[in-house]
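Residue numbers are given in the working numbering: position 236 of the sequence shown equals residue 291, and the series is strictly consecutive.
First the structure, in the form of structure tokens, and then the observations on it.
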Amino acid sequence: MASGGTAPRTWSVATGSLPAGLTLNASTGGIAGTPTAVGTSNFTIRVTDAATATANRNMNITIAAPIVITAFAAPTSHAPLDGGDNNGFQTDPTNAFAVDGALAVDSISGSGLVLFPSCTNNAHDKHAFYNYNLNVPAGSTIRGIEVRLDARADSTSSSPQMCVELSWDSGSTWTTAQQITPTLTTTTATYTLGSLLLSGAAPLGPSHNSRTACSEYELQIWQACLRLEHSLWMTSRSG
């Protein structure tokens with residue numbers, strides 16, 4: 056804030072520079088934006104009035120490392136989707152809500168026992184898991200998403216597979232399907248899709264969904280859960 060002088064006043068950075076991602080409003084002197092790097096920036100702000108009189112002030116802004124919060128969240132709701140024989144995990148689907156040794160089972164994961172390698176082929180059974188109840192604080196940035204699947208198949212014939220898609224608008228739109236690597240075995244294993252610290256990860260709302268498509272006669276799953284990493288930049292300013 057400046058007082059005295061002849062309006063209008065113009066603000067500028069005389070020396071040094073603002074933290075990356077922040078900008079100075081030349082008309083109001085306000086500093087705003089989203090910081091993109093950690094560290095302390097030292098700079099001098101200059102205000103010039105209509106009569107070319109000037110005043111300077113040395114300032115610094117410190118951007119602290121972001122507070123990172125990560126956690127896996129289990130779904131609380133589910134529903135089979137159209138595809139295959141249209142019943143998804145028809146046996147105990149709620150067993151996918153927790154890692155407790157209980158299994159959700161899809162006995163026939165497709166129509167006519169025909170296997171297709173494509174994640175998007177509608178001959179596969181599909182099942183939606185949703186209402187993960189992820190609470191993202193205001194001002195946070197979504198930095199990455201992981202999906203964890205604990206699963207096995209009754210046979211390794213034809214390289215059984217699972218695919219995952221995410222939706223941020225209650226199932227109206229889905230991301231490109233990702234499939235697990237390697238393929239399923241007859242022993243329960245943990246598969247993680249996606250990653251944290253993704254650049255430009257699509258923000259998901261607090262009530263988002265995941266769905267799986269399966270390509271084997273019988274598939275058993277322990278848990279389908281999401282992990283969301285979000286960060287909130289902390290700033291301090293002096294001057």
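No residue lacks a Cβ here, since even glycine has one placed at the ideal position from N, Cα and C.
Would you say Phe144 and His182 are within 8 Å of each other, going by their C-beta atoms? Less than 8 Å divides the Cβ of Phe144 from the Cβ of His182.
For a quick check, are the C-beta atoms of Ile118 and Pro74 less than 8 Å apart? With a cutoff of 8 Å on beta-carbon distance, Ile118 and Pro74 are scored as near each other.
Which ranges does the alpha helix (DSSP H) cover as unbroken runs of at least 4 residues, wholly within the region 214-247, from first to last along the chain? Runs of the alpha helix (DSSP H) inside the region 214-247: none found.
Please name the residue or residues paired with Ile86 in a DSSP beta bridge. Per DSSP, Leu79.
Is the separation between the beta-carbon of Asn188 and that of Thr230 shorter than 8 Å? Taking 8 Å as the cut-off, the Cβ atoms of Asn188 and Thr230 do not count as close.
Comparing C-alpha positions only, which one of His133, Asp161, Thr91, Gly249 sits nearest to Ala120? Closest by alpha carbon: Thr91.
How many angstroms separate the CA atom of Gly370 from the CA atom of Met114? In this structure the chain extends from 56 to 294, so residue 370 is not present and cannot be described.
Can you give the Cα-Cα distance for His133 and Ser72, rounded to whole angstroms? Here the alpha carbon of His133 sits roughly 51 Å from the alpha carbon of Ser72.
What residue range is occupied by the uninterrupted beta strand (DSSP E) comprising Phe152? Counting along the chain, Phe152 falls outside any beta strand (DSSP E), and DSSP gives it neither H nor E.
Pick from Ala206, Thr149, Val191, Thr83: whose alpha carbon is nearest that of Ile235? The option with the nearest alpha carbon to Ile235 is Ala206.
Just to confirm, is the Cβ distance from Thr247 to Arg203 under 8 Å? For Thr247 and Arg203, yes; Cβs fall inside 8 Å.
Based on the DSSP secondary-structure assignment, which residues constitute the bridge partners of Arg64? Looking at the DSSP output, Arg64 shares a beta bridge with no other residue.
For Val160, name the three-state secondary structure that DSSP assigns. DSSP places Val160 in the strand class (E or B) of the three-state scheme.
Proximity winner among Thr149, Ala157, Asp180, relative to Ile163 (alpha-carbon distances): The closest CA to that of Ile163, considering only Thr149, Ala157, Asp180, is found on Asp180.
Here's the rule I'm using: 16 or more other beta-carbon atoms within 10 Å means buried, otherwise exposed. How should Cys269 be labelled? Because the pLDDT of Cys269 is 46, which lies under 50, any placement of that residue in the model is unreliable, and the question is left without a value.
Would you kindly work out how many angstroms separate the C-alpha atoms of Val68 and Ile116, rounded to a whole number? Straight-line Cα distance between these residues: approximately 13 Å.
Under the three-state DSSP convention, the category Gly199 falls into: Gly199 sits in a strand when the DSSP states are folded into three classes.
Run of the beta strand (DSSP E) containing Thr175, from where it starts to where it stops: In the DSSP assignment, Thr175 falls outside any beta strand (DSSP E), carrying neither H nor E.
Would you kindly work out how many angstroms separate the C-alpha atoms of Thr211 and Thr242, rounded to a whole number? Distance between the alpha carbons of Thr211 and Thr242 is about 10 Å.
DSSP three-state label for Gly298, please. Look at the range of the chain in this structure, 56 to 294, and you will see that residue 298 is not part of it.
Quick one: what does DSSP say Val93 is sitting in, helix, strand or coil? Val93 falls in the coil class under three-state DSSP.
If distances are taken between C-alpha atoms only, which option among Cys174, Ala105, Ala178, Arg112 comes closest to Asn141? Nearest neighbour of Asn141 by Cα position, chosen from Cys174, Ala105, Ala178, Arg112, turns out to be Ala178.
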